[in-house]
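These notes concern the structure reproduced below.
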Amino acid sequence: MARTETAGRFPVRVARFTPAILAILAVLLLAALPLGRLMATALIRENGLDFSPLIARLMRGATQRAIVNTLDTALMGALLALAIGTPFALLMALTDMPLRRLQGFLLLLPLMLAPQVTALAFMQLLGPSSALLGMFGLAPAPGTPNPLLGRGGIILLYGIQHAPIVFITLRAGLTALPRDYVEAARAAGARPWRVLLTVILPLLRPYFIAALALAFVSGVGNFGIPALLGIPANYFTLATLIYQQLASSGPSVLSQVAMLSLIIAVIALAGIAIQALGERRTSFAIARGLPARFSLGFWRWPASLAGLATIGLMLILPMVALVTTSLVPAYGVRLSLDTLTLDNYAEVLLRQASTIRAFINSFYLSGLAALILAFCAVPVALGLRHFPQRPRQALHGLLDLPYALPGIVLAIACILLFLRPLPLIGSLYNTPWIILIAYLMRFVALAVRPVDAALGQIPPQLTEAAAAAGAGGLRRLLTIILPLSAPAAAAGAILVFMSAFNELTVSALLWSSRNETLGVILFSLDEAGLSAQASAIAAITIAVVVLLLLVLDRLAKRLPAGVLPWR
Amino acid sequence: MRSLLVAGLMLATTLTSAMAQEGKLVLYTSQPQTDAQQTADAFMAKYPGITVEWVRDGTPQIMAKFRSELEAGAPQADVLLIADVVTMEGLKAEGLLLNYPEADLTGYPEGLHDEDGAYFSTKLITTGIVYNTAATMIPTSWEDLTKPEAKDQVAMPSPLSSGAAMIHTVTLTDNLPEGWDYYSALASNGAQASGGNGAILTAVSGGEKLYGMIVDYMPIREAAKGAPVKFVFPTEGVSAVTEPVAILQSAQNPDNAKLFVDFILSEDGQKLAASQGYIPAREGVALPEGYPDRSEIHLLSYDAAAALANDQDNKDRFSDIFGQ
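So the sequence lines, in the order shown, correspond to chains V and P. Sequential numbering of the first sequence, starting at -3, is according to the numbering used here. Sequential numbering of the second sequence, starting at 3, is according to the numbering used here.
In structure tokens, the structure reads:
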């Protein structure tokens, strides 16, 4: 097989400059702009550029500890996510394991739970007031600290929370597998294990690295999990250190916060650079898609049951704990027939007008963000491929940064950027559109990464042949590039929607009267100590999202193959 | 019941609204969602011509929002209604608050409000002790938290992440005979300082900790719903934050802002606070259910200006003791 493509010369000559310009524009607007504004706040003083406060900041013990903790938890969490997500992706895409679709479906749910909800659910599950453990007499005695507090718990929950990212990314890679390689190996008599180890896994490498990088970056920027599990044990990551810094609210607070954000940005860039190391070689094939499934034989059901048990432990049990809490009048009350109440649901749904409004707001803001990014992802990723390897990776890295920064920092950047009226559109502040723009900035990486991985595997021969046959640029885009990258674009859109739907930290500063989001409501209930009501909202959210996914599932026949990650 | 009361208040205030004003009012508050909505609704019922646009968030977030707007050169808020006076002192020192010395302060004890009229106390949110009903030792004094029975069982909000918690810390160290040694004793008894009041409530009602330092209204409210917690006003007395209201120097609607301050301080505004479960700052307005008589609540003294001046020292001191 000829490897004609060296990175940087994408053979499609279709509108060669338009995508490149679009890509640069996207990077500038969505990433460079907010980051530049933050750098200005961090480093520019009255007397010009000044690095000394940043260096002083770095010398502090608390900052250094937080840097180590951030690297540690994000990396270990990403590896754990890989360990959880990979077997699921392989079993579901490549084998005849029963109940594949159900498992794929359920595996997406952790991503739709706000991180602080996941953390709360697990704490409820394992703490002294655990109704479930209590039933078996296993609940820790009152006064026992929660076993999840601290480093181990944070890593565990990062692994669970980000396993769907790994699953979706790998699944997208498996649907674009060069089928001819696999089938050739099998025809030559290679055993399934051998095919997996020598053909499939090496071919999946760019996807593995993309998944690991996304999970790592997600961990670096995560706030909800270290906030609930780390702060009580005095275990700070950069994201929670920033939050604590904000509390001091003196005149210098913004520049202090911006400095810590720059440190986060550097860490995220390091993670992204490591990704670049692995991405050197990609290979091409003519026939793509899932090869014939491997038969697991005797192991069909054991594999399926093991998968279901894992999902049960990491998803169903905490959800049960969450629902249990939503059914008692106050957190800490034991659930029984006497204490069972729907009052929390009545309160949030019927008495508080803001909940329904927040559902609608979150739904259309995250839906719009997902749609816009899905449509932009292909041209932007295509445009980025016009650049030589190194600048291209740098641009990708820039696009990833807003996702790695804690949401509250991105929100501050947005306020600084959009508060003053802009020509033609006026001030976006106090409108829902500033939240939409912040979502586009924050989640663009989730949309572009999978598409880029897919584009990297489209054989240049395909487009070259089409060009030789006289197909114009637009035609090649529509008939070759788009169909082959559509599953990845759709996977990206689903990731964006689900991440934005429960997002809290960005909208916490950007919402205004009547533009509240679900995360804002949830956080405000938590902060007021109303855990039972917060659990009710979380339970409703899960129900709504499951319903949505079921509707999508019904529509699956009309969507391109491989678009829904669980089918 | 509460909604009936609110409705009644609204009706009453509508009938007495003499000078109807127009325009809008932008309120930044750290009140809980429901309370913020009720406060805005009650004010709008009294002044139907004024539209209140309110944003609520925790004090750190709302201040970050305000600071960002300030840095971008267009602060939006007219009125701030936030948890603690130290933040207000800081804003006052920076010249960001508008003095309103003409405010009507009948019914308020001397010394409760800022003497220049830069900010006004609206309620008393005291900090006392909460315990889980599974606990064997029932605390009555702050000193009980340093006893062996409370070893590793005490949770409290961190003064490093909450201004209100800092006020509590300063009040206790100023008033308890052993001063900062009290906090050293807490630290060596394994007390945990982190997060906000909501997290303390969750930890204690969930049984992860048996004792906590916490604001009064949360455990009183949850205990009424059946949660396994009880609130104690310790014998030495309690600290209090006063949820001050202030008009910003940069207010676009200063007249409406003054009306809002008047409303919050009025008897009706104070009854609203009581109906929401808080101790009203104005004397003569009855306390909500679940509280002892006003005369039984002993407030410890607190010097806001000194606390602001020593803020960094206090933070450093606390960090040293708790190794944070």
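Glycine included, each C-beta is placed from N, C-alpha and C at the ideal position. Just so it is clear, the structure is predicted and the values come from calculations on it, not from any experiment.
Run of the beta strand (DSSP E) containing residue i, from where it starts to where it stops
i, result
"residue 119 of chain V", "Not the beta strand (DSSP E): residue 119 of chain V falls in the alpha helix (DSSP H), residues 111 to 122."
"residue 177 of chain V", "No beta strand (DSSP E) holds residue 177 of chain V; the alpha helix (DSSP H) holding it covers 175 to 183."
"residue 214 of chain P", "213 to 217"
"residue 26 of chain P", "25 to 31"
"residue 233 of chain P", "231 to 234"
Residue i: first and last residue of the uninterrupted alpha helix (DSSP H) it sits in
i, result
"residue 133 of chain P", "Per DSSP, residue 133 of chain P belongs to no alpha helix (DSSP H); it is in the beta strand (DSSP E), 125 to 134."
"residue 429 of chain V", "428 to 451"
"residue 202 of chain P", "199 to 207"
"residue 56 of chain V", "Per DSSP, residue 56 of chain V belongs to no alpha helix (DSSP H) and is neither H nor E."
"residue 216 of chain V", "197 to 217"
"residue 321 of chain V", "313 to 322"
"residue 163 of chain V", "147 to 171"
"residue 241 of chain P", "That residue, residue 241 of chain P, is in no alpha helix (DSSP H); its beta strand (DSSP E) goes 241 to 243."
"residue 103 of chain V", "96 to 103"
"residue 304 of chain V", "296 to 307"
Residue i, buried or exposed, once every other Cβ within 10 Å from all chains shown has been counted against 16
i, result
"residue 203 of chain V", "buried"
"residue 43 of chain V", "exposed"
"residue 236 of chain P", "buried"
"residue 281 of chain V", "Below a pLDDT of 50, predicted positions are generally treated as unreliable, and residue 281 of chain V, at 49, falls in that range; no measurement from the model is reported."
"residue 243 of chain P", "buried"
"residue 269 of chain V", "exposed"
"residue 318 of chain P", "exposed"
"residue 485 of chain V", "buried"
"residue 48 of chain P", "buried"
"residue 465 of chain V", "exposed"
"residue 142 of chain P", "exposed"
"residue 63 of chain V", "buried"
"residue 272 of chain P", "buried"
"residue 51 of chain P", "exposed"
"residue 170 of chain P", "buried"
"residue 96 of chain V", "buried"
"residue 13 of chain P", "Confidence in residue 13 of chain P is poor, its pLDDT being 49 and thus under 50, which makes the residue's placement unreliable; the coordinate value appears in the next sentence. Label assigned to residue 13 of chain P: exposed."
"residue 16 of chain V", "buried"
"residue 300 of chain P", "exposed"
According to a CB-to-CB cut-off of less than 8 Å, which residues of the region 45 to 76 of chain P neighbour chain V?
So the list reads 55, 56, 57, 58, 59, 60, 61, 62, 63, 65, 66, 67, 69, 70, 71, 73, 74, 75, 76, given in the order they occur along the chain.
Suppose only complete runs of 4+ residues qualify. What are the alpha helix (DSSP H) ranges in the region 110 to 195 of chain P, listed by chain order?
Segments of the alpha helix (DSSP H) lying fully in the region 110 to 195 of chain P: 165 to 177, 182 to 190.
Give, in chain order, every residue of the region 150 to 163 of chain P whose Cβ lies closer than 7 Å to some Cβ of chain V.
For the region 150 to 163 of chain P, the set of residues with a beta-carbon nearer than 7 Å to any beta-carbon of chain V comprises 155, 162, 163, in chain order.
Any 3 or more C-beta pairs closer than 8 Å across the region 155 to 162 of chain P and the region 187 to 202 of chain P
In short, these stretches touch, since the Cβ pair count reaches three.
Between the region 427 to 461 of chain V and chain P, which residues of the former have CB atoms less than 8 Å from a CB of the latter, in chain order?
Within the region 427 to 461 of chain V, no residue has its Cβ closer than 8 Å to any Cβ of chain P.
Cβ-based contacts, 9 Å cut-off: residues of the region 320 to 335 of chain V near chain P:
Per Cβ criterion, the list reads 324, 325, 326, 327, 328, 329, 330, 335.
Using a Cβ-Cβ cut-off of less than 8 Å, give me the residues of the region 85 to 106 of chain P that come near chain V, in sequence order.
Those residues of the region 85 to 106 of chain P that come within reach of chain V (Cβ to Cβ, closer than 8 Å) are 89, 92, 96.
Within the chosen definition, does the region 362 to 372 of chain V reach the region 440 to 447 of chain V through at least 3 CB pairs nearer than 8 Å?
A contact exists between the region 362 to 372 of chain V and the region 440 to 447 of chain V.
Contacting positions in the region 198 to 210 of chain P - beta carbon closer than 9 Å to chain V:
Result list: 198, 199, 200, 201, 202, 203, 204, 205, 206, 207, 208, 209, 210.
With a cut-off of 8 Å, do at least 3 Cβ pairs link the region 423 to 443 of chain V to the region 95 to 105 of chain P?
Touching, no, given that fewer than three Cβ pairs across the two stretches are closer than 8 Å.
Per the contact definition of three or more C-beta pairs closer than 8 Å, is the region 58 to 74 of chain V in contact with the region 454 to 471 of chain V?
At 8 Å Cβ cutoff, the stretches do not touch.
At least 3 beta-carbon pairs within less than 8 Å: the region 172 to 185 of chain V vs the region 116 to 131 of chain V:
Verdict: no, contact absent.
Could you name the residues of the region 256 to 269 of chain V whose beta carbon sits closer than 7 Å to any beta carbon of chain P, in the order they occur along the chain?
Those would be none; no residue qualifies.
In the region 226 to 241 of chain P, which residues sit with their C-beta less than 8 Å from some C-beta in chain V, listed in chain order?
Within the region 226 to 241 of chain P, the residues whose Cβ lies closer than 8 Å to any Cβ of chain V are, in chain order, 227, 228, 229, 230, 231.
Does the region 59 to 69 of chain P come within contact of the region 212 to 224 of chain P, defined as at least 3 CB pairs closer than 8 Å?
As far as the Cβ criterion goes, the region 59 to 69 of chain P does not touch the region 212 to 224 of chain P, which means the pair count is below three.
Start-end ranges of the beta strand (DSSP E) lying completely within the region 45 to 92 of chain P, minimum 3 residues:
52 to 58, 81 to 83, all fully within the region 45 to 92 of chain P.
Measuring CB atoms only, is the region 66 to 82 of chain V touching the region 195 to 211 of chain V, in the sense that at least three cross pairs come out at less than 8 Å?
As far as the Cβ criterion goes, the region 66 to 82 of chain V touches the region 195 to 211 of chain V, which means the pair count is three or higher.
Does the region 245 to 254 of chain P come within contact of the region 70 to 85 of chain P, defined as at least 3 CB pairs closer than 8 Å?
Touching, yes, given that three or more Cβ pairs across the two stretches are closer than 8 Å.
Within the chosen definition, does the region 154 to 161 of chain V reach the region 100 to 109 of chain V through at least 3 CB pairs nearer than 8 Å?
Taking 8 Å as the limit for Cβ pairs, the verdict is that the region 100 to 109 of chain V does touch the region 154 to 161 of chain V.
Output needed in chain order: residues of the region 122 to 141 of chain P with a Cβ under 8 Å from some Cβ in chain V.
Sequence-ordered contacts of the region 122 to 141 of chain P with chain V read 134, 136, 137 [C-beta pairs closer than 8 Å].
Could you check whether the region 497 to 514 of chain V touches the region 319 to 330 of chain V, counting it as contact only if at least three pairs of C-beta atoms, one from each stretch, sit closer than 8 Å?
These segments do not touch.
Please give the ranges of any alpha helix (DSSP H) in the region 284 to 319 of chain P, keeping only runs that are unbroken, at least 4 residues long and fully inside the region.
Segments of the alpha helix (DSSP H) lying fully in the region 284 to 319 of chain P: 306 to 311.
Does the region 485 to 501 of chain V come into contact with the region 351 to 365 of chain V, if we say contact requires no fewer than three beta-carbon pairs (one atom in each stretch) closer than 8 Å?
Under the Cβ criterion (8 Å, minimum of three pairs), the region 485 to 501 of chain V counts as touching the region 351 to 365 of chain V.
Within 9 Å of chain P by C-beta, residues of the region 92 to 120 of chain V in sequence order
When C-beta distances to chain P are compared with 9 Å, the residues of the region 92 to 120 of chain V below that value are 116, 119, 120, in chain order.
On the three-pair Cβ rule with 8 Å, is the region 390 to 406 of chain V touching the region 525 to 536 of chain V?
Flag = no, the region 390 to 406 of chain V and the region 525 to 536 of chain V do not touch.
Indicate whether the contact test is met: 3 or more Cβ pairs, each with one atom in the region 332 to 351 of chain V and one in the region 134 to 154 of chain V, closer than 8 Å.
Judged by Cβ distances under 8 Å, the region 332 to 351 of chain V makes no contact with the region 134 to 154 of chain V, as fewer than three pairs qualify.
Could you tell me which uninterrupted alpha helix (DSSP H) segments, each at least 4 residues in length, are contained entirely in the region 327 to 352 of chain V, listed from first to last along the chain?
Taken in chain order, the whole alpha helix (DSSP H) runs of length 4 or more contained in the region 327 to 352 of chain V are 339 to 342.
Does the region 108 to 122 of chain V come close enough to the region 181 to 197 of chain V to have 3 or more Cβ pairs within less than 8 Å?
Taking 8 Å as the limit for Cβ pairs, the verdict is that the region 181 to 197 of chain V does not touch the region 108 to 122 of chain V.
Length at least 4, wholly inside the region 502 to 538 of chain V: the alpha helix (DSSP H) runs in chain order
If we require 4 residues or more, the alpha helix (DSSP H) runs fully inside the region 502 to 538 of chain V come out as 503 to 506, 514 to 523.
Along the region 30 to 43 of chain P, where does the CB come closer than 8 Å to a CB of chain V? Name the residues.
The region 30 to 43 of chain P vs chain V, Cβ under 8 Å: 34, 35, 36, 39.
Do the region 286 to 297 of chain P and the region 55 to 62 of chain P touch if we need at least three Cβ pairs shorter than 8 Å?
Not touching, per the Cβ criterion.
Along the region 139 to 157 of chain V, where does the CB come closer than 8 Å to a CB of chain P? Name the residues.
For the region 139 to 157 of chain V, which is checked against every Cβ of chain P, the residues closer than 8 Å are 139, 140, 141, 142.
Name, going along the chain, the residues of the region 217 to 231 of chain V whose beta-carbon falls closer than 7 Å to a beta-carbon of chain P.
Flagged, chain order: 227, 228, 230.
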